[in-house]
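Engineer:
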Amino acid sequence: MQVGDTRFIAYSSAVHYGEAGDQASFKGKQAINQLLWGDYAKVLEVDGNWIKVRARGRNGWVRREDLQENRILEVNFVDIGQGDGCHIQTPDDRAIVIDAGEGDNMYRFLRWRFGRFSHPFTFESFVISHPDSDHYFGFKSLFEEANVRVETVFHNGLVEQKRAGKKTLGDEVKLGRTRYITGLVRTRDALKAITDDDNRRAAYWYPNMLKTAVDEGRVDDIRGAFAPTDWQETAYLPGYAPADNRGLTLRLLGPVPVEIGGQQGVPWLGSAGETKNGHSVVLLLEIGGIKMLLGGDLNEPSQEYLLEHYTGLSAHPKSVDDEKLLVDEARKTFEVDIAKACHHGSAHVSPHFLMATNPLATVISSGDAEPHSHPRPDTLGLIGKHSRGARPLIFSTELARSGNEHIKHPNQVRRELRANMEAELAIIHDPQATDAQKTKAEERLEKHLSVIQRSVANYGMINVLTDGTRLIVAQRLERERSKSKRWDIYHFEPDSHGRLTFVP
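Heads up, the sequence shown is in my numbering, so the first residue is -10 and it goes up one at a time.
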């Protein structure tokens, strides 16, 4: 190991010390931070078994055994309030964002994570699971950021637009008693046909945001993402198939279109909202022997639709034997170790779908200022009842919210930030101020802004970290016990049969 090398914190955490100890003891050494598995560590100095590293913005010492050479998979469920927001950092160090909430929390977290976007930064992909504002509108700030570029934006093919003076999600076809949305938006050119037409685009936020993404020229491609119509075929998000050798795969399980009169469409699920939600982009992430389900806002009708598609059986079993057969067949597709709860813990959920996913742990993304009382108490009960293991776990961004001193009194912080920022901006725009004064004011302004950015980084995020064999879920303690005990960490390791198990 040499100065300048990049290493990563080893399983499952490490204490970062202010000074090196003797070669055999930690005694008397002052901790400055607790680092998580997978954290970047830049080697600054080597002193026997003690290695000085820069990690999480601090310089300090860790033991040699606290470092490893390989990156792991990092999945961060960001607390964006009401809605969903997930950031993935792949084993080959590429960034993916799956949904971005409605406000700017995701933008501020990513800005903090990637050096305030002070230099051009390329995301490998954005995935918009469906066109509800609490999943897509947070991308607006990213599309407008001058130093952000994204290679591919994936979406579910349903784009709000106006046809014949009415709001619609696309063309509509009725076959028997079933109504279908056809004309799914698969390509960038098909999207431009909508977004370049002022009448079709109208004043709807979603197509206008996508138009901004196209017009700014920082998005290489925008395309629909669909599972195969034939359940026997397997499809992956482009770039994340086994043949791509990325260290992980992202299989597409939804939306599932059907053939209708020579074209493909998706069934209407009762209302425009239920149809948008139900045909979310559904991804099955797999790394090594570990699986994770990312299901957008699937609802009961769509979960039943997917169960029937992938099993060939009725989603309404008439006997105990029929139910067992349905669940056993569905688990071949949907059983996972970690599940992101669909639709923020809504009561609009199929018990049979939960039985099929059978997770060890579930992550719920929900917020305070919302009128739905998510997550619903009965849904929490169902998740616990239909999860596996003696102690199934349920994590919630809302419950994990761990504000530090910066956000104990948000109204006070808001007032102070406004006053301080106005003062610094006055100096920056003062023609009488010197360059040195303006530079200092800009530095202070960045410091004021970082108060909010640091808060978002700690504010209710659920961190899932894995190398494909072992896994941890970590959340910040609401009040740290010490500098060396800042994280609440849950460990999952393979049992004697190689099956992942929660280790209390």
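All residues carry an ideal CB built from backbone N, CA and C; glycine is no exception.
Only counting the same chain, and skipping five residues up and downstream in sequence, which positions put a Cβ closer than 7 angstroms to that of Arg45?
Structural biologist: The residues are Asn22, Leu24 and Asp28.
Engineer: Determine the direct distance from the alpha carbon of Asp178 to that of Leu314, and round the result to whole angstroms.
Structural biologist: 44 angstroms
Engineer: Going by DSSP, what residues sit across from Gly254 in a beta bridge?
Structural biologist: Thr171 and Val247
Engineer: Starting from the Cα of Val67, find the closest Cα among Phe98, Gly487, Gln221 and Arg43 and give me that residue.
Structural biologist: Phe98
Engineer: Tell me Ala44's beta-bridge partners as DSSP assigns them.
Structural biologist: In DSSP, Ala44 forms a bridge with Arg47.
Engineer: Between which two residues does the beta strand (DSSP E) containing Phe323 stretch?
Structural biologist: It is not in any beta strand (DSSP E) - Phe323 instead sits in the alpha helix (DSSP H) that spans Val309 to Phe323.
Engineer: Taking only three categories from DSSP, how would you classify Thr458?
Structural biologist: coil
Engineer: For Ala328, does the three-state DSSP call read helix, strand or coil?
Structural biologist: strand
Engineer: One question on the structure: do Thr519 and Leu283 come within less than 9 angstroms of each other, judged by their Cβ atoms?
Structural biologist: Because the chain is modelled from -10 through 493, residue 519 falls outside the range shown and cannot be assessed.
Engineer: Is it the case that the Cβ atoms of Gly159 and Leu147 are separated by a distance below 9 angstroms?
Structural biologist: In contact: Gly159 and Leu147 (Cβ atoms closer than 9 angstroms).
Engineer: Should Gln464 go down as buried or exposed, given a rule of 16 or more other Cβ atoms within 10 Å for buried?
Structural biologist: buried
Engineer: Quick one: what's Lys155 bridged to in DSSP?
Structural biologist: Arg152
Engineer: Roughly how many angstroms separate the alpha carbons of Thr141 and Ser114, rounded to a whole number?
Structural biologist: 5 angstroms
Engineer: Around the C-beta of Pro290, are 16 or more other C-beta atoms found within 10 angstroms, so that it is buried, or is it exposed?
Structural biologist: buried
Engineer: Assuming Asp326 contacts Ile61 under a Cβ cut-off of 8 angstroms, what Cβ separation, rounded to an integer in Å, is found between them?
Structural biologist: About 15 angstroms; that fails the 8 angstroms criterion.
Engineer: Which two residues bound the contiguous beta strand (DSSP E) that contains Ser385?
Structural biologist: Leu382 to Ser385
Engineer: Determine the DSSP secondary structure at Val270, reduced to helix, strand or coil.
Structural biologist: coil
Engineer: Mind the definition here: the segment 234 to 253 touches the segment 121 to 139 only if three or more C-beta pairs lie below 8 angstroms; say whether that holds.
Structural biologist: no
Engineer: So Gly206 is in the alpha helix (DSSP H); what residue range does that whole segment cover?
Structural biologist: Taken as a continuous stretch (DSSP letters only), Gly206 belongs to no alpha helix (DSSP H), as it is neither H nor E.
Engineer: Give a yes or no on contact between the segment 483 to 491 and the segment 81 to 100, applying the rule of three or more CB pairs nearer than 8 angstroms.
Structural biologist: no
Engineer: Just how far apart, CA to CA, sit Gln(-9) and Ser130?
Structural biologist: 40 angstroms
Engineer: Rounded to whole angstroms, what's the CA-CA distance from Gln426 to His108? Just pull it up for me.
Structural biologist: 24 angstroms
Engineer: Are the beta-carbon atoms belonging to Thr346 and Glu318 less than 9 angstroms from one another?
Structural biologist: no
Engineer: Taking the alpha-carbon of Glu58 as reference, which of Arg83, Ala30, Trp39 and Leu349 has the nearest alpha-carbon?
Structural biologist: The shortest C-alpha to C-alpha distance from Glu58 to any of Arg83, Ala30, Trp39 and Leu349 is the one to Ala30.
Engineer: Reducing DSSP to helix, strand and coil, say where Arg240 ends up.
Structural biologist: strand
Engineer: So Ser114 is in the beta strand (DSSP E); what residue range does that whole segment cover?
Structural biologist: Phe110 to Ile117
Engineer: Just to confirm my understanding: we take Pro483, look at its own chain, exclude 5 residues before and 5 after, and list those with CB closer than 8 angstroms. What are they?
Structural biologist: Gly278, Thr458, Arg459, Leu489 and Thr490
Engineer: Thinking C-beta only, is Asn234 closer than 9 angstroms to His119?
Structural biologist: no
Engineer: Is it right to say Glu387 is buried, meaning 16 or more other beta carbons lie within 10 angstroms of its own, or is it exposed?
Structural biologist: buried
Engineer: Please work out which residues of its chain come closer than 6 angstroms, Cβ to Cβ, to His268, disregarding the five sequence neighbours upstream and downstream, and give them in chain order.
Structural biologist: Asn145, Pro244 and Val255
Engineer: Rounded to whole angstroms, what is the Cα-Cα separation between His395 and Gly92?
Structural biologist: Note on His395: pLDDT 43, under 50, position unreliable in the model; the coordinate value appears next. Straight-line Cα distance between these residues: approximately 19 angstroms.
Engineer: Going straight from the alpha carbon of Thr368 to that of Val338, what length do you get?
Structural biologist: 8 angstroms
Engineer: Where does Asp204 land, buried or exposed, given buried means 16+ other C-beta within 10 angstroms?
Structural biologist: exposed
Engineer: How should His305 be labelled, buried or exposed, when 16 other C-beta atoms within 10 angstroms of its C-beta is the threshold for buried?
Structural biologist: exposed
Engineer: Starting from Ser291 and walking both ways along the beta strand (DSSP E), at which residues does that stretch end?
Structural biologist: Premise fails: Ser291 lies in the alpha helix (DSSP H), Glu289 to Thr300, not in any beta strand (DSSP E).
Engineer: Go ahead and pull the three-state DSSP assignment for Val4.
Structural biologist: strand
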